[in-house]
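**Student:** Sharing a structure with you now.
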Amino acid sequence: MKLHFHGAAGIVTGSNYLLETAKNKVLIDCGLFQGLSEMEKKNLEPFPYNPKSIDFVFITHAHLDHIGRLPKLARDGFGGRIFATRPTIDFARLMLEDSQKVFEKRANRAEDMASLDGEQIEKLMAMFQPAEYDKLVKVNGEISVYFREAGHVLGSASVELNIEGKKIVFSGDLGSTKTSLLRDPAKIEEADYVVMESTYGDRFHESNQQCKNAIENIAEETATKKGVLMIPSFSLERTQQLLYHFNELVENNCIPRLPIFIDSPLAIRLTGIYSRYPEYYNNEAKLLLKSGDDIFKFPGLKLTLTTKESKAINDVFPPKIIIAGSGMSQGGRIIHHEARYLSEPENTLLIVAYQAKGTLGREILDGADSVKIMGETVPVRAKVERVDCYSSHGDQKDLLWWLSNIVQSGADRKIKKVFICHGEEDSSLALSRKIKNDFGLKTEAPHLGDVAEL
Numbered sequence: 028m029k030l031h032f033h034g035a036a037g038i039v040t041g042s043n044y045l046l047e048t049a050k051n052k053v054l055i056d057c058g059l060f061q062g063l064s065e066m067e068k069k070n071l072e073p074f075p076y077n078p079k080s081i082d083f084v085f086i087t088h089a090h091l092d093h094i095g096r097l098p099k100l101a102r103d104g105f106g107g108r109i110f111a112t113r114p115t116i117d118f119a120r121l122m123l124e125d126s127q128k129v130f131e132k133r134a135n136r137a138e139d140m141a142s143l144d145g146e147q148i149e150k151l152m153a154m155f156q157p158a159e160y161d162k163l164v165k166v167n168g169e170i171s172v173y174f175r176e177a178g179h180v181l182g183s184a185s186v187e188l189n190i191e192g193k194k195i196v197f198s199g200d201l202g203s204t205k206t207s208l209l210r211d212p213a214k215i216e217e218a219d220y221v222v223m224e225s226t227y228g229d230r231f232h233e234s235n236q237q238c239k240n241a242i243e244n245i246a247e248e249t250a251t252k253k254g255v256l257m258i259p260s261f262s263l264e265r266t267q268q269l270l271y272h273f274n275e276l277v278e279n280n281c282i283p284r285l286p287i288f289i290d291s292p293l294a295i296r297l298t299g300i301y302s303r304y305p306e307y308y309n310n311e312a313k314l315l316l317k318s319g320d321d322i323f324k325f326p327g328l329k330l331t332l333t334t335k336e337s338k339a340i341n342d343v344f345p346p347k348i349i350i351a352g353s354g355m356s357q358g359g360r361i362i363h364h365e366a367r368y369l370s371e372p373e374n375t376l377l378i379v380a381y382q383a384k385g386t387l388g389r390e391i392l393d394g395a396d397s398v399k400i401m402g403e404t405v406p407v408r409a410k411v412e413r414v415d416c417y418s419s420h421g422d423q424k425d426l427l428w429w430l431s432n433i434v435q436s437g438a439d440r441k442i443k444k445v446f447i448c449h450g451e452e453d454s455s456l457a458l459s460r461k462i463k464n465d466f467g468l469k470t471e472a473p474h475l476g477d478v479a480e481l
C-alpha cells in the first residue's frame, strides 16, 4: 500500500493525497494551490496520476484548498463517487460555482481551470454521496470509512479509513477547542497511520475572551477616531464566527453601535447554509438559538449582495466596520476597501485569518510601507492589528490533544508513523519534534511528490 503526497506537503495549500493499493486508488481531498504565483501555476499542471484511474474521493471540508481542483479532476476523466458530509456538499456547490466565476475573469486560466459550465457543475455535484458523522460507510468490499467531527468548519471531518486491514486516519483541518460556535474535534480511537495537519503546529492562540476584549477595544478605538475598521475574512467559517461574536457584543452593548457591513455575496449565502444545520453547533450556540436569539443577525448589520450595494458603503460616513473577502486580500471586495482606506491613519485593518506567503495580506501583516492593489501603489498608514483566536485551525496544544486521544486508546494498536502535513516547514517540523518528544512516535514531514510505503 502506497500513500502519495500530491499537495499540502511542506506547504499549507493544495491538499491532495492518493492512497493506492493493488485493487483501489482513492483520493483524500483535491484542492487548489494558493499563495505565490509560482504555487498557483501548479493548478494548471496535469495531475501526477490518471484521474480516470481514481475510484473514490473523500472530502474533509469545502475550503477551496481542499476541493478547488475537483472540476479539473472531473473534466480530466474522473467518474467515481465523492463522499462528504451534507453541509460540505451544500457548501461545495457554492464554493465551486464562485471559484469558476473567479477563474473565468482570468482569461489565461479559463481554459485550464474554469471549463465547467452550469450543467457540468451539476454533473459533478451528482457524484457526491452524503455521509453522516460516526456512521460506517461501506464503500466496497475492501474499503470502509467513518467521518468524524473535525471542528474546523461546519460539516468538516477527519476521515478514518479502513482499507485492507489497515486503519489510516486523515485529520483534515482540525478546529480549535476554543471556538465558540462548533463542537470540539471528535476523539478517534486507534490508528496504524495518521496524516495530520500542522498549520499552527508551532504556536498558541489567544482565548475567546482575549479575542472579545480585543474586538471591543478595536471597535471602541475605531468609533473614537471616526475611522474604518476593515476585516478581510474567509467566506466560510471565519465570517460566521465574526457574526457570532459581533451578535454577542452588540446585543450586550459591549461595543458602540456602528454600521457593520458583510460585503461578500458568497459569505452571505454560506451563512444561509449555516442556518440550516443548527444540529452541528455546540451547546452554547444551541442554547442561544433556543432562547430566540438569531445568532447571525443584530442591530446595525447590513448585508451587501450587489455591486451597487457594495459601492454604496463608500457613501456611509465613518465610523463603520467592513467585513469582506477574500481572507488573504488576494481578490474580492476587500481589496477595493483597502485601496480606499489603507492610506489613512485613523483606519484599522484587522487580520483574523491565516495569511499565506506571497499574498497581499501577508505582505501587509509583515509590515510593508506600501502595497500594490489593482496596479496602484497604496501607502499603508492604517493601523494593522492581528488576533489569532478566530483561527478555525487548532494551535499546537489543540493538535497534540487530538493526537493524544488516538495514542491513549491504542494500547493494542500503536501508531506506526505520523505524517505531518498542511503546514509551512517551520510549523511542521516543530510539531514533528513535539510529537516525538511527547509520545515517542515516529514522524515524517513529507514534501510534494513523496511516497510512503504503508
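Note that my numbering numbers the sequence shown so that position 405 is 432, with each residue one more than the last. All residues carry an ideal CB built from backbone N, CA and C; glycine is no exception.
(1) Roughly how many angstroms lie between the CA atoms of K253 and L369, to the nearest whole one?
(2) In the DSSP assignment, the alpha helix (DSSP H) including M355 goes from what residue to what residue?
(3) By the 10 Å Cβ neighbour count, where 16 or more other Cβ atoms means buried, how is P53 classified, buried or exposed?
(4) Would you tell me roughly how many angstroms separate the C-alpha atoms of S431 and P346, rounded to the nearest one?
(5) Helix, strand or coil: which one does DSSP assign to C281?
(6) Near F466, what residues of its chain come up, given a Cβ to Cβ distance below 6 Å and the 5 sequence neighbours on each side ignored?
(7) What whole-angstrom Cβ distance do K194 and D211 have, given they're in contact under 8 Å?
(8) Considering only the beta carbon of each residue, do D425 and S203 sit closer than 7 Å?
(9) Measuring only from the beta carbon, is M152 closer than 6 Å to any heavy atom that is part of the ligand ZN?
(10) Helix, strand or coil: which one does DSSP assign to P345?
(11) Let me check understanding here. Comparing Cα to Cα, which of L285, Q236 and L276 lies closest to M257?
(12) Taking the C-alpha atoms as reference points, what is the distance between V164 and A250?
(13) Apart from the five residues just before and just after N189, which ones in its own chain have a Cβ nearer than 6 Å to its Cβ?
(14) Please report the straight-line C-alpha distance between E311 and L209, rounded to a whole angstrom.
(15) Short of 8 Å in beta carbon distance, which residues of its chain neighbour G107, apart from the five on each side in sequence? Order them along the chain.
(16) Taking the Cβ atom as the reference point for each residue, do A36 and S42 lie within a distance shorter than 7 Å?
(17) According to the Cβ coordinates, are A383 and G62 closer than 7 Å?
(18) Grab me the residues of F273's own chain with a C-beta within less than 7 Å of its C-beta, minus the 5 sequence neighbours each way, in chain order.
(19) Rounded to whole angstroms, what's the CA-CA distance from G358 to W428? Just pull it up for me.
(20) Counting only runs of 3+ residues fully inside the stretch 150-213, write out the beta strand (DSSP E) ranges in chain order.
(21) Do the stretch 174-192 and the stretch 234-246 touch if we need at least three Cβ pairs shorter than 8 Å?
(22) In whole angstroms, what separates the C-alpha of R136 from that of N70?
(23) Entirely within the stretch 66-103 and at least 3 residues each: give me those beta strand (DSSP E) ranges in chain order.
(24) Exposed or buried, which one is A141 when buried takes at least 16 other CB atoms within 10 Å?
(25) Measure the Cβ-Cβ separation of E264 and S455 and say whether it is below 7 Å.
(26) Considering only the beta carbon of each residue, do L468 and I447 sit closer than 7 Å?
(27) For a minimum of 4 consecutive residues, which ranges assigned as the alpha helix (DSSP H) are wholly contained in the stretch 233-315?
(28) Restricting to Cα atoms, I'd like to know which of E191, L151, Y160 and R175 is closest to G168.
(29) Across which residues does DSSP place F110 in a beta bridge pair?
(30) Which runs of the beta strand (DSSP E) fall wholly inside the stretch 404-429 and span at least 3 residues, in chain order?
(31) Quick one: is D422 buried, meaning 16 or more other Cβ sit within 10 Å of its Cβ, or exposed?
(32) Looking only at its own chain, which residues have a Cβ that is under 6 Å from the Cβ of D477, when we skip the five neighbours before and after it?
(33) Going by DSSP, name the residue or residues bridged to C57.
(34) Should I148 and A119 be called a contact, given that it needs their Cβ atoms to be closer than 7 Å?
(35) Just list the residues that DSSP pairs H449 with in beta bridges.
(36) Where M122 and L293 are concerned, what is the direct C-alpha to C-alpha distance, given to the nearest angstrom?
**Tutor:** Result, derived from the coordinates:
(1) So the two alpha carbons sit approximately 14 Å from each other.
(2) Per DSSP, M355 lies in no alpha helix (DSSP H) segment and is marked neither H nor E.
(3) It is Val, not Pro, that sits at residue 53 in the sequence shown. Counting other Cβ atoms within 10 Å of its Cβ, V53 reaches 16 or more and is therefore classed as buried.
(4) The alpha-carbon atoms of S431 and P346 are separated by roughly 46 Å.
(5) It is coil, neither helix nor strand.
(6) So the qualifying residues of the chain are V434.
(7) Between D211 and K194 the Cβ distance is about 22 Å, and since that is not below 8 Å, they are no contact.
(8) Cβ atoms of D425 and S203: closer than 7 Å.
(9) This structure lacks the ligand ZN; in fact it carries no ligand of any kind.
(10) Reduced to three states, the DSSP call for P345 is coil.
(11) Measuring from the Cα of M257, the nearest candidate turns out to be L285.
(12) Rounded to whole angstroms, V164 to A250 spans 52 Å at the Cα level.
(13) Apart from sequence neighbours up to five positions away, the residues of its chain that approach N189 with a beta-carbon distance below 6 Å are S171, ordered along the chain.
(14) The straight-line gap from Cα to Cα measures roughly 9 Å.
(15) So the qualifying residues of the chain are I81, D82, F83, V84 and M154.
(16) Between A36 and S42, the gap from beta carbon to beta carbon reaches 7 Å or more.
(17) In this structure, G62 lies closer than 7 Å to A383 by Cβ.
(18) Excluding sequence positions up to five before and after F273, its CB lies within less than 7 Å of the CB of I287 and F325, all in the same chain and listed in chain order.
(19) Approximately 35 Å, taken between the alpha carbons.
(20) Counting only runs of 3+ residues, the beta strand (DSSP E) found wholly inside the stretch 150-213 occupies 155-158, 170-176, 184-190 and 193-197, in chain order.
(21) Judged by Cβ distances under 8 Å, the stretch 174-192 makes no contact with the stretch 234-246, as fewer than three pairs qualify.
(22) Interpretation of R136 is limited by its pLDDT of 49, a score under 50 that renders its predicted location unreliable; the figure taken from the coordinates is listed afterwards. If you draw a straight line from the Cα of R136 to the Cα of N70, it is about 9 Å long.
(23) For secondary structure counted as the beta strand (DSSP E) over 3 or more consecutive residues, the stretch 66-103 holds these complete runs in sequence order: 83-85.
(24) Any reading at A141 must be qualified, since the residue scores a pLDDT of 45, below 50, and its modelled position is unreliable; the value itself is stated next. With 16 or more other Cβ atoms from the protein chains shown falling within 10 Å of its own Cβ, A141 counts as buried.
(25) No, the Cβ-Cβ distance between E264 and S455 is not below 7 Å.
(26) Result no, Cβ atoms of L468 and I447 do not sit closer than 7 Å.
(27) Within the stretch 233-315, the complete alpha helix (DSSP H) segments of 4 residues or longer fall at 235-252, 265-278 and 292-303, listed in chain order.
(28) For G168, the nearest C-alpha among the options comes from E191.
(29) Note: F110 sits in a beta bridge opposite F85 and Q156.
(30) Segments of the beta strand (DSSP E) lying fully in the stretch 404-429: 410-413.
(31) D422 is classed as buried because its beta carbon has at least 16 other beta carbons within 10 Å across all chains shown.
(32) So the list reads F32, once near-sequence residues are dropped.
(33) The bridge partners DSSP lists for C57 come to none.
(34) Taking 7 Å as the cut-off, the beta carbon of I148 is found no closer than this to the beta carbon of A119.
(35) Answer is none; H449 lacks a bridge partner.
(36) Approximately 8 Å, taken between the alpha carbons.
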